[in-house]
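To start, the structure itself, in structure tokens.
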Amino acid sequence: MRLIEPFLEFAHGLKTVLFTILEKPVTVQYPEEKRQVSSRFRGRHELKRYENGLEKCIGCALCAAACPADAIFVEASANTDEKRYSPGERYASTYEINMLRCIYCGFCEDACPTEAVILGDTYELSYTNRRDSIYTKEMLIDSVPVGGLPTPMATEKGMYDRSVPEMKDPQD
Ligand code: SF4
Ligand code: SF4
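Each step along the sequence shown adds one to the number in our numbering, with nothing skipped, and position 68 is 70.
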């Protein structure tokens with residue numbers, strides 16, 4: 003029995019090697035090929051716009067208050083109908099996230115009353131100094147959608163008095 007044991011072990015090892023050789027490789031040829039992330043993945047933040055181009059962020063700083071890592075800095079300024087960035091009284095004139103502090107918990111996304119900030123699927127974050135880890139509003143905001151206008155835009159007087167637009171479906 004003792005003599006045959008090494009041969010059995012060897013055959014077992016050989017079988018494992020053969021099966022592994024026949025398996026499809028799991029290696030992804032990054033960066034040419036990118037791995038599909040799960041729908042629950044939380045990557046780099048995105049600041050969203052409405053269809054007409056207005057920014058969803060109203061500069062309320064609830065995301066900053068909810069952030070356990072103190073990673074968000076928001077400074078608000080006043081909108082006018084001649085120079086409007088977002089619905090309501092105020093918009094975020096400065097919006098910064100320190101990606102070195104962020105732990106991707108998603109609390110900012112949950113706290114936002116206008117669904118302006120979301121954690122998207124971008125995982126390519128790299129910087130070589132601490133200053134570059136601070137992502138600014140210009141880096142985070144979505145581009146203007148087709149048919150929309152860039153901000154600031156001139157809007158009809160009194161048309162965007164509400165900061166939080168009526169939701170079609172409160173479950174959204
Ligand atoms: S994901 Fe979490 S840690 Fe990162 S900015 Fe949002 S609240 Fe802060
Ligand atoms: S992202 Fe949302 S919570 Fe944060 S300042 Fe803008 S509107 Fe307020």
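Where a beta carbon is used, it is the ideal one built from N, C-alpha and C, also for glycine.
Everything numeric in this text was worked out from a predicted model, so none of it was measured.
- Boundaries of the beta strand (DSSP E) around T138: 136-138.
- G122 has its Cβ no nearer than 7 Å to any heavy atom of ligand 1.
- In this structure, L56 and R92 do not form a Cβ contact; the two beta carbons are roughly 13 Å apart against a cut-off of 8 Å.
- Shortest gap from the CB of G90 to any heavy atom of ligand 2: 7 Å or more.
- If you keep only unbroken beta strand (DSSP E) runs of at least 3 residues inside the segment 74-136, you get 74-80, 92-100, 119-121.
- With a cutoff of 8 Å on beta-carbon distance, L127 and M101 are scored as near each other.
- If you check the CB distance, K139 and T82 do not come in under 8 Å.
- Exclusion of the five residues before and after R164 leaves P89, G90 as the residues of its chain whose Cβ lies within less than 8 Å of its Cβ.
- With contacts defined by Cβ atoms closer than 8 Å, I105 and A71 form a contacting pair.
- Residues whose Cβ lies closer than 7 Å to any heavy atom of ligand 1, listed in chain order: R44, H47, C65, A68, C69, P70, A71, A73, I74, I99, R103, C104, I105, Y106, C107, G108, F109, C110, E111, L121.
- Looking at the DSSP output, H47 sits in a beta bridge with L121.
- Taking the C-beta atoms as reference points, D144 is found no nearer than 8 Å to R46.
- Annotation: E53 is outside any alpha helix (DSSP H) and is labelled neither H nor E by DSSP.
- Between ligand 2 and the CB of G150, the shortest heavy atom gap is not smaller than 7 Å.
- Nearest Cα to V148 within the set L49, H14, E53, G61: E53.
- Selection P27, P115, L10, T18 evaluated against L64 yields P115 as nearest (Cα-Cα).
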